[in-house]
Amino acid sequence: MDQSTGDRFRKLIEEAYEVTEAARAKNDAHFCEELGDLLLLVVMHAEIAREAGRFNIEQVLREVSEKLVRRHPHVFGASDARDAGAVLKQWEAIKREEKKADSHYLASLPKALPALMRAHKAQSKAARV
23 MDQSTGDRFR KLIEEAYEVT EAARAKNDAH FCEELGDLLL LVVMHAEIAR EAGRFNIEQV
83 LREVSEKLVR RHPHVFGASD ARDAGAVLKQ WEAIKREEKK ADSHYLASLP KALPALMRAH
143 KAQSKAARV
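Plus 22 on top of the position in the sequence shown (first one is 1) and you've got the working numbering.
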């Protein structure tokens, strides 16, 4: 990975933190601006991938749309999940089914997460097993 690629990934993470900070501050104008900055980087990464012949923004949007429908049958399909707990269990079951190739429930933890975030996410996953 060249320096510019590493810089782009760091900028993506930085912008995600800025979105979070603006949302927590309840400053809609700043939140809107930061979401735009993050979206710009998403579009830029998709364009770089398109230029390299890997995928394009249409594929990204199609996949996220399909995932949204697939993982939320209580909204888009026939599901009897009636409360937040049932919806979460159903969502976890759907994710497990999608990730069958991963032999361990912690295999899907992003390796790029900061250590404390990774530990927290691992603990949360372990608590649901």
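For every residue, glycine included, the Cβ atom is placed at its ideal position computed from N, Cα and C.
Member of the options whose CA lies at the smallest distance from the CA of residue i
i  : options          : result
E1 : N49, F31 and A68 : Outside the shown range of the chain, which is 23 to 151, sits residue 1, and nothing can be said about it.
CA-to-CA distance, residue j to residue i, given in whole angstroms
i    : j    : result
F77  : E114 : 28 Å
F31  : G99  : 36 Å
S26  : L34  : 12 Å
L61  : E88  : 19 Å
E55  : A137 : 29 Å
I116 : L110 : 10 Å
D120 : G107 : Inspection of the sequence shows that residue 120 is occupied by Glu rather than by Asp. Rounded to whole angstroms, E120 to G107 spans 20 Å at the Cα level.
D102 : R92  : 15 Å
Beta-carbon proximity check, residue i vs residue j, cutoff 9 Å
i    : j    : result
H59  : E43  : One detail in the question is off: residue 59 reads as Asp in this sequence, not His. No. Outside cutoff.
L128 : A149 : no
Checklist entry - Would you say the stretch 77-84 touches the stretch 55-69, given that touching needs at least three Cβ pairs under 8 Å? => result yes
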